[in-house]
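>
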Amino acid sequence: MSSVLEYMGMCSVLDQIHSNLLNRTEQECLGLQEKLQYLTAQNKGLQTQLSETKRKHAESECKSKEEVMAVRLREADSMAAVAEMRQRIAELEIQREEGMIQGELNNSDSSQYIRELKDQIDELKAEVSAVPTPSAVSIMGAGSDLSGSPLARVLPGHLGPLCPSLDLGVNSSVLLAGSLKPLSEWGMPDPASFQLIPPQHGG
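Numbered according to numbering that gives the first Met the number 0, the sequence shown spans residues 0 to 202.
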């Protein structure tokens, strides 16, 4: 009888222990379920935040790309405008240089031509002033044809068969000065070498 009572007491204790363990386990399960629900809700919130962050990042990246493209387009337009301005400046510089060169050439040609004319006139005046000028001088004698002489080459069309006497006074100076070329360039001999023959008078 005592053994039965002891056995029943042990069973009662074991039942109490099992009941306590079961209650504890149930409480732990409830706590874990609550924690799982909390973590699930938190995970959903984090997923929502992540999605929102991704969306904002995508929008920001797209906006950044658009801004970069706009900046590049503006830079390209600016570079094109700068290149066009540089080309225009280069064209204007070339035109200015051409104008300056053309003006210098024109001025140089005109000045040089005028200087050459003055030099030729001075040379002709010097050569003509070195020639003796009597009132009447015959160069190659009476009745000579001077069409093949150096003077005829200087004054083409002005000389042909001349009269017996040729006056080389003031008129010859004017004609020679009008040729605008030194006598030496036309193959004329030195005026000092001309043979002066007195004019032939009738009788």
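No residue lacks a Cβ here, since even glycine has one placed at the ideal position from N, Cα and C.
Being a predicted model, the structure only gives us computed values, none of them experimental.
Go ahead and label L4 buried or exposed: buried means 16 or more other beta carbons lie within 10 angstroms of its beta carbon, across all protein chains shown.
Taking the first residue of the sequence shown as 1, we reach residue 4 at position 5. Exposed, by the Cβ-count rule.
> Exposed or buried, L72, counting other C-beta atoms within 10 Å across all chains shown (16 or more means buried)?
In the sequence shown, residue 72 corresponds to position 73, counting from 1. So L72 counts as exposed.
> What does the Cβ neighbour count give for L123, buried or exposed, with the cut at 16 atoms within 10 Å?
Sequence index remark: in the sequence shown, residue 123 carries index 124 (1-based). So L123 counts as buried.
> In angstroms, rounded to a whole number, what distance separates the CA positions of K117 and I93?
Within the sequence shown, the letter at position 118 stands for residue 117. Within the sequence shown, the letter at position 94 stands for residue 93. Straight-line Cα distance between these residues: approximately 35 Å.
> From A101 to L91, what does the alpha carbon distance come to, in whole angstroms?
Working through the sequence shown from its first residue, we reach residue 101 at position 102. Working through the sequence shown from its first residue, we reach residue 91 at position 92. According to the sequence shown, residue 101 is Gln rather than Ala. For Q101 and L91, the distance between alpha carbons rounds to 15 Å.
> How big is the Cα-Cα spacing for L65 and S59?
Taking the first residue of the sequence shown as position 1, residue 65 is located at position 66. Taking the first residue of the sequence shown as position 1, residue 59 is located at position 60. It is Glu, not Leu, that sits at residue 65 in the sequence shown. Cα-Cα distance, rounded: 10 Å.
> Shorter than 9 Å from the beta carbon of G8 to some beta carbon of chain B?
Any reference to chain B falls outside this structure, which holds one protein chain only.
> Measuring only the C-alpha atoms, how far is D76 from A82?
The residue labelled residue 76 in the question sits at position 77 within the sequence shown. The residue labelled residue 82 in the question sits at position 83 within the sequence shown. Their backbone Cα atoms lie some 10 Å apart in a straight line.
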